[in-house]
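Student:
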Amino acid sequence: MSLHSRRLVLAGLPGLALALSGCPKIPKGTAKQLKKYLPAVRFDRVKVRDLDFDKADLDFIFQVDNPLPLKIGLASLSYRLDLEGVDFLSGNDPDGVSLKAEGSSPLPLPLTLRWKKAAELLSATKGKDELGFGLAGKLGFNTPAGIATLPYSAGGTVPALRRPKFRFQGLRLKDFQLAQDRARLALDLGITNLGGATIGLHDFNYRFKLGDKRVAKGNTGELGKVSGDTEETVSLPIDITLSNLGASVIDALRSRGRVQAGLAADLGVSTPFGRIPLSIDEGGQLSVG
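Positions 798 to 1086 (this note's numbering) are the ones given, in order, by the sequence shown.
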């Protein structure tokens, strides 16, 4: 999956700095004459290698044009990444690449965006499925004349994947048949979608507890959809066997009292970036309605 950059500012040859390690000083004007023999860098795109509700593994891919009839290597790469104008990551990538002679070579800069680190930024930009980025730094290349250093600056968008929030809203007793040893409950879940696009909740494989006992499990298939930047209520029907419950839990159900409930589930969430797996584990005291 690739997201193409919306804008590009290349600060290449005009800002060229030629640093020669262990070489005499270049006569004035020589560096200018060498420019046509030095690599040219342009930003290409962002490639998403992996994406989930914890992180995004991204490749920021540059294309480097080498005019020389021989291979040259990457000596250094520094970067500074901002999201929505806020500094987010910076560092140096020590992995070098070899640029093919008289041609263009891709140069990927692999970075990982961890959503926990970006929690405050994501909260401030809720309702958006993409974040604007700015990327700047310097590339150093080993040339026959020494190390050529080229500054770069690029921008575009990256995906912003926001984990949906689940909370208990209520537990309702729909049917109670003591003689038949069964009851039907409805667990009302409030589900908040912090992104901009509608999400779908699929293959909802759940385990439900009352008190300290697991009393039901199942797979509802399609649980529902939640529109962008909203909270919606989804009702989960649950059939239980009364003889699996303790006496205190049965009494709480019959008297519409309070019970300790727990819900764990694995599901798939359809997003603008594909279906993403999610696990939830919620618990708390609920009044039976």
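Each residue gets a CB set at the ideal place from its N, CA and C atoms; glycine is no exception.
If you draw a straight line from the alpha carbon of GLY1054 to that of ILE1047, how long is it in whole angstroms?
Tutor: Counting from one through the sequence shown, the residue named residue 1054 turns up at place 257. Counting from one through the sequence shown, the residue named residue 1047 turns up at place 250. Cα-Cα distance, rounded: 10 Å.
Student: What is the DSSP secondary structure of LEU880, counted as helix, strand or coil?
Tutor: Position 83 of the sequence shown, counted from the start, is the residue given in the question as residue 880. Looking at LEU880 - three-state DSSP - the assignment turns out to be strand.
Student: With burial defined as no fewer than 16 other Cβ atoms inside 10 Å of the residue's Cβ, what is the status of PRO1074: buried or exposed?
Tutor: Residue numbering aside, residue 1074 sits at position 277 when the sequence shown is read from its first letter. Its Cβ having fewer than 16 others within 10 Å, PRO1074 is exposed.
Student: Any idea if ARG964 is buried or exposed, counting beta-carbon neighbours within 10 angstroms, 16 or more meaning buried?
Tutor: Working through the sequence shown from its first residue, we reach residue 964 at position 167. ARG964 is exposed by the Cβ-count criterion.
Student: Buried or exposed: where does ASP841 fall if 16 or more other Cβ atoms within 10 Å of its Cβ makes it buried?
Tutor: Along the sequence shown, one-based indexing puts residue 841 at 44. ASP841 is buried by the Cβ-count criterion.
Student: Look at VAL1023 and THR995 and say whether their C-beta atoms are less than 8 Å apart.
Tutor: Against the sequence shown, residue 1023 aligns to sequence position 226. Against the sequence shown, residue 995 aligns to sequence position 198. Yes, the pair counts as a contact, with Cβ atoms nearer than the cut-off.
Student: Classify TYR949: buried if its beta carbon has 16 or more other beta carbons within 10 angstroms, exposed otherwise.
Tutor: Within the sequence shown, the letter at position 152 stands for residue 949. Its Cβ being crowded by 16 or more others within 10 Å, TYR949 is buried.
Student: What residue from ALA1044, GLY1086, TYR1003, LEU1042 has the CA that sits closest to ILE1077's CA?
Tutor: Mapped onto the sequence shown, residue 1077 falls at position 280. Comparing Cα-Cα distances from ILE1077 to each of ALA1044, GLY1086, TYR1003, LEU1042, the minimum goes to TYR1003.
Student: Can you look up SER753 in the DSSP assignment and give me helix, strand or coil?
Tutor: With the chain running from 798 to 1086 in the structure shown, residue 753 is simply not present.
Student: May I ask which residues mark the beginning and end of the alpha helix (DSSP H) holding ARG1051?
Tutor: As a position in the sequence shown, residue 1051 is number 254, starting the count at 1. ARG1051 -> alpha helix (DSSP H) spans 1044 to 1051.
Student: Which residue wins for smallest C-alpha separation from ALA844, given the options ASN939, PHE859, PHE1005?
Tutor: Along the sequence shown, read from residue 1 onward, the residue named residue 844 stands at position 47. Before going on, a small fix: residue 844 reads as Lys here, not Ala. Nearest option by C-alpha distance: PHE859.
Student: Roughly how many angstroms lie between the CA atoms of GLY1080 and GLY992, to the nearest whole one?
Tutor: The residue given as residue 1080 occupies position 283 in the sequence shown. The residue given as residue 992 occupies position 195 in the sequence shown. For GLY1080 and GLY992, the distance between alpha carbons rounds to 24 Å.
Student: Pull up the DSSP beta-bridge partners for GLN974, would you.
Tutor: The count along the sequence shown starts at 1 and reaches residue 974 at position 177. Paired residue(s): ARG979.
Student: From this set, SER895, GLU899, TRP912, which residue's C-alpha is nearest PRO905's C-alpha?
Tutor: Taking the sequence shown and counting its residues from 1, the one referred to as residue 905 is at position 108. Checked all of SER895, GLU899, TRP912; the closest Cα to PRO905 is SER895.
Student: Would you identify the three-state DSSP class for LYS914, choosing helix, strand or coil?
Tutor: Residue numbering aside, residue 914 sits at position 117 when the sequence shown is read from its first letter. Coil, per DSSP.
Student: Which partner residues of LEU886 appear in the DSSP bridge assignment?
Tutor: Start at 1 with the first residue of the sequence shown, and residue 886 comes out as number 89. Its beta-bridge partners are LEU878.
Student: With contact counted as at least three CB pairs below 8 Å, one residue from each stretch, are the stretch 955 to 975 and the stretch 844 to 858 in contact?
Tutor: The answer is yes - the stretch 844 to 858 touches the stretch 955 to 975, with three or more Cβ pairs under 8 Å.
Student: Under three-state DSSP, which class holds SER950?
Tutor: Locating residue 950 in the sequence shown gives position 153, where the first residue counts as 1. Strand at SER950.
Student: Please report the Cβ distance between VAL1056 and LEU1007, rounded to the nearest whole angstrom; I am assuming they are in contact, meaning their Cβ atoms lie under 8 Å.
Tutor: Numbered from 1 along the sequence shown, position 259 holds the residue referred to as residue 1056. Numbered from 1 along the sequence shown, position 210 holds the residue referred to as residue 1007. The pair is a contact, with the Cβ atoms about 6 Å apart (cut-off 8 Å).
Student: Taking only three categories from DSSP, how would you classify LEU1039?
Tutor: Locating residue 1039 in the sequence shown gives position 242, where the first residue counts as 1. Helix, per DSSP.
Student: Looking only at DSSP bridge pairs, what is TYR1003 linked to?
Tutor: For this step, residue 1003 is matched to residue 206 along the sequence shown. Per DSSP, GLY1015, ALA1062.
Student: Pull up the distance between the alpha-carbon of ASP1009 and that of ASP1026, whole angstroms please.
Tutor: Counted from its first residue, the sequence shown places residue 1009 at position 212. Counted from its first residue, the sequence shown places residue 1026 at position 229. Cα to Cα, ASP1009 sits roughly 35 Å from ASP1026.
Student: Of all the options VAL861, GLY931, SER901, GLN1082, which has the alpha carbon lying nearest to the alpha carbon of GLU881?
Tutor: Within the sequence shown, residue 881 is the residue found at index 84, counting from 1. Comparing Cα-Cα distances from GLU881 to each of VAL861, GLY931, SER901, GLN1082, the minimum goes to GLY931.
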